[in-house]
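Engineer: Can you read through this structure? Questions will come right after.
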Amino acid sequence: MMSFDQNAFLIIFTASMIAISCGLLGVFMMLRKMSMTGDAISHAVLPGIVIGFLVSGTQRGLEVIIGAGILGILATLMIDWLRKKARVQLDASIGITFTLLFAIGIILISVFAYRVDLDQECVLYGEIAYLPIDLWISSSGQSFGPRIMWLAILNLLLVGVFITLFYKELKITSFDEKFGIVIGIPASAINLGLMSMVSYTTVSSFEAVGAILVVALLVVPPATAYLWTRDLRPLIQLTILTGILVSVVGYYLAYLFDSSIAGMMVTVAGIVFFLSVILTHKKFKFSLGTQKETQPFSS
Amino acid sequence: MIKQVENPILEIHDLTVSYDQSPVLWNVDLSLPAGKLIGILGPNGAGKSTLIKSVMGLVEPSSGYVKLFDQTLDAVRNRISYVPQRESVDWNFPASVLDVVLMGTYGKLGLFKRPGKKEKALALDCLEKVGMSAFVHRQISELSGGQQQRVFIARALAQEADLYLMDEPFAGVDMNTEAAIFKLLQEMSAGGKTVVVVHHDIYSAVNYFDWFIMLNLHLVASGPKNEVVTEELLRKTYGGKLNLLSKVSELIRQKEFNPLKG
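Just so you know, the sequences run in chain order A and B.
Residue numbering for the first sequence follows the working numbering, starting at 1 and increasing by one per position.
Residue numbering for the second sequence follows the working numbering, starting at 1 and increasing by one per position.
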């Protein structure tokens, strides 16, 4: 049975916020052919989270976010270094970097297990269903609603500001990085900024949806939207819509089958993607017949 | 035969560039005059693109330095325009022709500012100059090779620079486009702009440029057409490809090539 109560709304709303944040960053990661770097970052932040946790003693500390941010950037730099200086293929350097860092994170968790309230399950899969009972309660005892929802809102706000402010720079460095450098765009700063946002988004979302869903949300909605449009603005809008669709449908299917919400969202994202492949493939065949016009040169 | 000039617009001093310890440019020392249409010639792997990239700061030299307008690159970025090789980008990028040309205005806009009406008018004007007005809203993935090249040149025009460096703008374009682009470059140099072009076709180069840089890891020659386009220097540049060279000298003879007559 379908239901729409407050808890359902909170979960869908939070999942949508996370999906939009990931999608916005994912569009630029995809255009830079760095989707898998996003994957790497989302796993590589684990040791940073654990160290931040050990320092601050809580999952909610700023230290956790800083630790993850540092590890995310470290992973990016390591991938870059392996590729450019050690001449390792990009896919191999990504594979080496993130498995190594993720493994270090797992070891840290198991070694400090008695002090860390974290487990691999939680990091990989998250549990958004518990969101309504994890409330943000102020020191005076007033409740403001789910803590993770506020994290997701803050996250989306920061991602939105980042992309609005640097839209032009992100666009040019994604299309033609060298030209960007030549005209004086600080390309490596923009790149590091984007990687930091991905790291931060990963940390702020992993409790709710886990690293696997974060990767799916980074990669699948932009890839789906890219099948439908070749224009940057519609691409971003369609990515946002796909993210919301995945959250809503994913939630209700999980409710229907009484299964994991995050897992169902990834599944829905995959299905939407494959449906798009089939539908746009037909559209492509159709348009081939009508688009053959000769273009005379006028000078 | 290396001719140095007074008040050069571009000065390259003892430049050496290496990739992985093996030099790709060796001790290049030259200076270029303003307002000329300059061709960089040389066989594959001679370091032509590397020379342009090191001028643009995209390649770190092992030694030597480059001065533009008698200043460092950072001081004069806004006066230099760059056309990279067409294959250096993915043309499936979601952008329209106008979007790409507008990117030429980003350098002068600075951080946080978006292109407005003025920039758009400039971009449309540049598209007009390269004969692409009919394609303003076309997706770049739907362009032919020659059209892509013209979009890149329009983007460079939108930079409103004084010095233009172009990496193989004639690669893979049809004859009509080549002639149209070349006519545009001629107009630009007549208008006082300096245009430096990497070119691989020596036959057409002889007709196109009025100053030549000949490279083959070393600098073989740099000077005005009448002084450097000789069989001896071409032979030095292209090494043992005699067959090719005798064709060129044949071509030069046939055309009664006389630089003094223009």
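Cβ coordinates follow ideal geometry from the N, Cα and C atoms, glycine included.
Computed from a predicted structure; not experimentally measured.
Just to confirm the assignment, what range does the alpha helix (DSSP H) spanning Asn27(B) have?
Structural biologist: Taking the second sequence and counting its residues from 1, the one referred to as residue 27(B) is at position 27. Asn27(B) -> not in any alpha helix (DSSP H); beta strand (DSSP E) instead, spanning Ser22 to Leu32.
Engineer: In this structure, how does DSSP classify Leu217(B) when only helix, strand and coil are distinguished?
Structural biologist: What you label residue 217(B) is simply residue 217 of the second sequence in a count that begins at 1. Looking at Leu217(B) - three-state DSSP - the assignment turns out to be coil, as it is neither helix nor strand.
Engineer: Output, in sequence order along the chain, the residues in the segment 34-51 of chain B whose CB is closer than 9 Å to any CB in chain A.
Structural biologist: none
Engineer: So which residues on chain A does Phe182(B) lean against when the C-beta distance must stay under 8 Å?
Structural biologist: Numbered from 1 along the second sequence, position 182 holds the residue referred to as residue 182(B). Within 8 Å of the CB of Phe182(B), no CB atom of chain A is found; the nearest one sits about 11 Å away.
Engineer: Let me know the secondary structure DSSP gives Met132(B) once reduced to three states.
Structural biologist: Locating residue 132(B) in the second sequence gives position 132, counting from the first residue. DSSP, read as helix, strand or coil, puts Met132(B) in coil.
Engineer: Assuming the contact rule is C-beta atoms closer than 8 Å, Leu68(B) and Leu163(B) should be a hit. Round their C-beta distance to whole Å, please.
Structural biologist: Translated into positions along the second sequence, residue 68(B) becomes position 68. Translated into positions along the second sequence, residue 163(B) becomes position 163. The Cβ separation is near 7 Å, so the contact holds.
Engineer: Span of the alpha helix (DSSP H) holding Val27(A)?
Structural biologist: As a working mapping, residue 27(A) is identified with position 27 in the first sequence. Residues Gln6 to Leu31.
Engineer: Measuring only between beta-carbons, confirm whether Arg77(B) sits less than 9 Å from chain A.
Structural biologist: As a working mapping, residue 77(B) is identified with position 77 in the second sequence. Closer than 9 Å: yes.
Engineer: Starting from the C-beta of Pro222(A), find all residues in its chain whose C-beta is less than 7 Å away, skip the five residues before and the five after it, and write them out in chain order.
Structural biologist: Mapped onto the first sequence, residue 222(A) falls at position 222. Setting aside the 5 residues that flank it on each side, Pro222(A) is surrounded in the same chain by Gly23, Gly26, Val27, Met30 and Thr239, each with a C-beta closer than 7 Å to its C-beta; the list follows chain order.
Engineer: Between Lys53(B), Ser49(B) and Leu10(B), which lies nearest to Ala34(B) when the distance is taken from Cα to Cα?
Structural biologist: Here residue 34(B) corresponds to residue number 34 of the second sequence, with the count starting at 1. Selected option, being the one with the closest Cα: Leu10(B).
Engineer: Please confirm if Gln4(B) has its CB atom under 9 Å from at least one CB of chain A.
Structural biologist: Along the second sequence, read from residue 1 onward, the residue named residue 4(B) stands at position 4. Chain A contact via Cβ: absent.
Engineer: How would you list, in chain order, the residues of chain B whose beta-carbon sits under 8 Å from the beta-carbon of Thr229(A)?
Structural biologist: Within the first sequence, the letter at position 229 stands for residue 229(A). In chain order: Pro94.
Engineer: Just curious, the alpha helix (DSSP H) that Ser96(B) is in, first and last residue?
Structural biologist: For the purposes of this step, residue 96(B) is taken as residue 96 along the second sequence, with counting starting at 1. Where Ser96(B) is concerned, there is no enclosing alpha helix (DSSP H), given that its DSSP letter is neither H nor E.
Engineer: Specify the secondary structure class of Thr202(A) as computed by DSSP and reduced to three states.
Structural biologist: Translated into the one-based positions of the first sequence, residue 202(A) becomes position 202. Thr202(A): helix per DSSP, three-state reduction.
Engineer: Evaluate Pro132(A) with the Cβ neighbour count: other Cβ atoms within 10 Å of its Cβ, from every protein chain shown; 16 or more gives buried, anything less gives exposed.
Structural biologist: Counted from its first residue, the first sequence places residue 132(A) at position 132. By the neighbour-count rule (16 or more Cβ atoms within 10 Å), Pro132(A) is buried.
Engineer: Which residues in the same chain as Leu233(B) place their Cβ atom closer than 8 Å to its Cβ, once the five residues preceding and following it in sequence are excluded?
Structural biologist: Residue numbering aside, residue 233(B) sits at position 233 when the second sequence is read from its first letter. For Leu233(B), where only same-chain residues beyond five positions count, the Cβ hits under 8 Å are Met1, Met214, Val220 and Ala221.
Engineer: Please identify, using Cβ separations under 7 Å, the residues of the segment 41-53 of chain A that lie next to chain B, in order along the chain.
Structural biologist: none
Engineer: The ligand SAH and Leu71(A): does the residue's C-beta get closer than 8 Å to at least one heavy atom of that ligand?
Structural biologist: The model depicted lacks the ligand SAH and carries no ligand whatsoever.
Engineer: Is Leu144(A) helix, strand or coil by DSSP?
Structural biologist: By 1-based counting over the first sequence, the position of residue 144(A) is 144. Reading off the sequence shown, one finds Phe at residue 144(A), where the question assumed Leu. Phe144(A) falls in the strand class under three-state DSSP.
Engineer: Is the beta carbon of Phe175(A) less than 9 Å from the beta carbon of Ile190(A)?
Structural biologist: Taking the first sequence and counting its residues from 1, the one referred to as residue 175(A) is at position 175. Taking the first sequence and counting its residues from 1, the one referred to as residue 190(A) is at position 190. The answer is no: Cβ separation not under 9 Å.
Engineer: According to DSSP, is Met175(B) part of a helix, a strand, or is it coil?
Structural biologist: As a first step, residue 175(B) must be located in the second sequence, where it is residue number 175. Of the three classes helix, strand and coil, the one that applies to Met175(B) here is helix, per DSSP.
Engineer: Give me the chain A residues within the contact set of Gln21(B), using Cβ-Cβ distance strictly less than 7 Å, ordered along the chain.
Structural biologist: The residue you call residue 21(B) lines up with position 21 of the second sequence. Correct list: empty, because the minimum Cβ distance to chain A is about 13 Å.
Engineer: Between the C-alpha atoms of Glu184(B) and Tyr251(A), what's the straight-line distance to the nearest angstrom?
Structural biologist: Against the second sequence, residue 184(B) aligns to sequence position 184. Against the first sequence, residue 251(A) aligns to sequence position 251. This sequence places Leu at residue 184(B); Glu is not what is there. Whole-angstrom Cα-Cα distance: 59 Å.
Engineer: Report yes or no: is there a C-beta of chain A within less than 9 Å of the C-beta of Met188(B)?
Structural biologist: Looking up residue 188(B) in the second sequence gives position 188. By this cut-off, Met188(B) is not an interface position.
Engineer: Could you check whether the Cβ of Gln148(B) sits closer than 9 Å to any Cβ belonging to chain C?
Structural biologist: The chain labelled as chain C is not found among the protein chains of the depicted structure, namely A and B.
Engineer: Just checking: is the beta-carbon of Phe170(B) within a distance shorter than 9 Å of some beta-carbon in chain A?
Structural biologist: If you number the second sequence from 1, residue 170(B) lands on position 170. Not an interface residue.
Engineer: Compile a chain-ordered list of the residues in the segment 184-216 of chain A whose CB is closer than 9 Å to at least one CB of chain B.
Structural biologist: Gly184, Ile185 and Pro186
Engineer: If you draw a straight line from the alpha carbon of Val159(A) to that of Met197(A), how long is it in whole angstroms?
Structural biologist: Along the first sequence, one-based indexing puts residue 159(A) at 159. Along the first sequence, one-based indexing puts residue 197(A) at 197. The straight-line gap from Cα to Cα measures roughly 7 Å.
Engineer: Taking the Cβ atom as the reference point for each residue, do Thr76(A) and Met195(A) lie within a distance shorter than 9 Å?
Structural biologist: By one-based count along the first sequence, residue 76(A) stands at place 76. By one-based count along the first sequence, residue 195(A) stands at place 195. Cβ distance < 9 Å, so Thr76(A) and Met195(A) count as in contact.
Engineer: Just reading off the alpha helix (DSSP H) that His43(A) is part of, what are its end residues?
Structural biologist: Your numbering for residue 43(A) matches position 43 in the first sequence. Where His43(A) is concerned, the enclosing alpha helix (DSSP H) stretches over Ser35 to Ala44.
Engineer: Using a Cβ-Cβ distance cut-off of 9 Å, determine whether Gly289(A) contacts chain B.
Structural biologist: Numbered from its first residue, the first sequence carries residue 289(A) at position 289. Reliability fails at Gly289(A), whose pLDDT of 44 lies under 50, so the model's placement of it is uncertain and the value that follows must be treated cautiously. Taking Cβ atoms only, chain B never reaches closer than 9 Å to Gly289(A), which makes this a no.
Engineer: Would you say Arg93(A) reaches chain B, if we count a Cβ-Cβ gap shorter than 9 Å as a contact?
Structural biologist: As a position in the first sequence, residue 93(A) is number 93, starting the count at 1. Note on identity: in this sequence residue 93(A) is Ser, with Arg being the wrong assignment. With 9 Å as the cut-off, Ser93(A) does not count as an interface residue toward chain B.
Engineer: Which class does Glu11(B) belong to by DSSP, given the choice of helix, strand or coil?
Structural biologist: Here residue 11(B) refers to the residue found at position 11 when the second sequence is read from its first residue. In the structure shown, Glu11(B) sits in a strand (DSSP, three-state: E or B).
Engineer: At 7 Å on the CB atoms, spell out the chain A contacts of Gly107(B), in chain order.
Structural biologist: Locating residue 107(B) in the second sequence gives position 107, where the first residue counts as 1. Within chain A, the residues near Gly107(B) are Ile183 and Gly184.
Engineer: Asp125(B) to Ser133(B), Cα distance in whole Å?
Structural biologist: Here residue 125(B) is taken as the residue at index 125 of the second sequence, counted from 1. Here residue 133(B) is taken as the residue at index 133 of the second sequence, counted from 1. For Asp125(B) and Ser133(B), the distance between alpha carbons rounds to 8 Å.
Engineer: Quick one: complete beta strand (DSSP E) runs, 3+ long, within the segment 142-179 of chain A?
Structural biologist: Taking only runs of at least 3 residues, the beta strand (DSSP E) segments lying wholly in the segment 142-179 of chain A are 143-146.
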